[in-house]
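Presented below is the structure to which this report refers.
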Amino acid sequence: MTGEPVLSQPGTGVRFEWGLAGAAEFARTCAALVVVEVLTFTTDVETAVAVGSRVHPFPWPDQAAEFARRIAGSVAPARDGVADLVLPAPLGAAVVAAAASTGRPVLAAGLRNAHAAGAWLTAEGFGTPERPVGVVAAGKRWPDGGLRPCAADLLGAAAVVDALSTGDALLSVEAAVALAAYGAIPDVAAAVQGTVTARALDPDTVARATALNVSPAVPLYRAGAFTQA
């Protein structure tokens, strides 16, 4: 992809950024994107897609039940046999919308399915300077609405970068730094479980989200919902 702005990390096949602005930038300049929010948005998407649901990220939690009624669906959590699942996720839904704004393929990934997502992208021919992949760590929000980068999403995104780092993959410096952090952590699950974000959540939820490469699900966003690629 030629004539790219410098903030897009041009000339590289695997790129890494944060949040809404990063998703919007990569939507313009990458051939495919991966959104990562380990605790808990993209893990919830993966879990639901793995049991056959279509997952509709929804930005307004107080209106989720009404939207679910309109599409004859149900509001999360995931259950077997639910065809359409509405997932209230203000930040996650916004990042996905930004990533999908130009029609590029958008995957949802976390620690559970990082390898599966990377393998699918590689098989589809993404991850080269001509068809770059932009990996976006969603992060969290501070009370004032500003982006709060978090270790869980850094490591989840880096797990996807690791899965894409096969052969002669050309990483941006940003992606390489994320990968270096991932490689420096001897127990990624334990590291995520020790973060301030994880300590505020139910331990079973955190344990599920931090199981590494246990899922073959590859949630692909199309027509407003994630389904298996």
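Residue numbers for the sequence shown follow my numbering, so the first one is 928 and each next one is one higher.
Glycine is no exception: its CB is placed at the ideal position from the N, C-alpha and C atoms.
The structure presented is a predicted model; accordingly, all values stated were derived computationally and were not measured.
Local conformation of residue i per DSSP, three classes
i            : result
residue 1069 : coil
residue 936  : coil
residue 959  : strand
residue 1058 : coil
residue 944  : strand
residue 954  : helix
residue 1097 : coil
residue 1002 : strand
residue 1010 : coil
residue 1133 : helix
residue 1063 : strand
Run of the alpha helix (DSSP H) containing residue i, from where it starts to where it stops
i            : result
residue 1111 : No alpha helix (DSSP H) contains residue 1111, which DSSP labels as neither H nor E.
residue 1018 : 1017–1026
residue 996  : 991–997
residue 1047 : 1041–1050
residue 1141 : Residue 1141 -> no alpha helix (DSSP H), and no H or E assigned at all.
residue 968  : 968–977
residue 881  : Look at the range of the chain in this structure, 928 to 1156, and you will see that residue 881 is not part of it.
Where the beta strand (DSSP E) containing residue i begins and where it ends
i            : result
residue 1087 : Taken as a continuous stretch (DSSP letters only), residue 1087 belongs to no beta strand (DSSP E), being part of the alpha helix (DSSP H) at 1078–1091.
residue 985  : 981–985
residue 1033 : 1033–1036
residue 1152 : 1152–1155
Residue from the options whose Cα sits closest to the Cα of residue i
i            : options                : result
residue 1051 : 958, 1127, 1102        : 958
residue 1143 : 1071, 1046, 937        : 1046
residue 1092 : 1066, 1129, 1080, 1053 : 1053
residue 932  : 956, 942, 940          : 956
residue 953  : 978, 986, 1029         : 1029
residue 974  : 1132, 1027, 1113       : 1132
residue 935  : 997, 1082, 969, 1101   : 1101
residue 1150 : 939, 996, 984          : 984
Alpha-carbon spacing of residue i relative to residue j, whole angstroms
i            : j            : result
residue 993  : residue 982  : 15 Å
residue 1015 : residue 960  : 21 Å
residue 990  : residue 1024 : 17 Å
residue 1088 : residue 1071 : 30 Å
residue 1108 : residue 1084 : 11 Å
residue 1106 : residue 1115 : 12 Å
residue 1128 : residue 1097 : 36 Å
residue 999  : residue 1012 : 9 Å
residue 1063 : residue 1021 : 12 Å
Contacting residues, own chain, Cβ-Cβ under 7 Å from residue i (five flanking each side not counted)
i            : result
residue 1075 : 1066, 1067, 1068, 1069
6 Å Cβ shell around residue i - same chain, five flanking residues per side excluded
i            : result
residue 1124 : 966, 1077, 1079
residue 1155 : 976
Same chain only: Cβ atoms within 8 Å of residue i, ignoring 5 sequence neighbours per side
i            : result
residue 1135 : 970, 974, 1039
residue 1001 : 995, 1009, 1011, 1012, 1013
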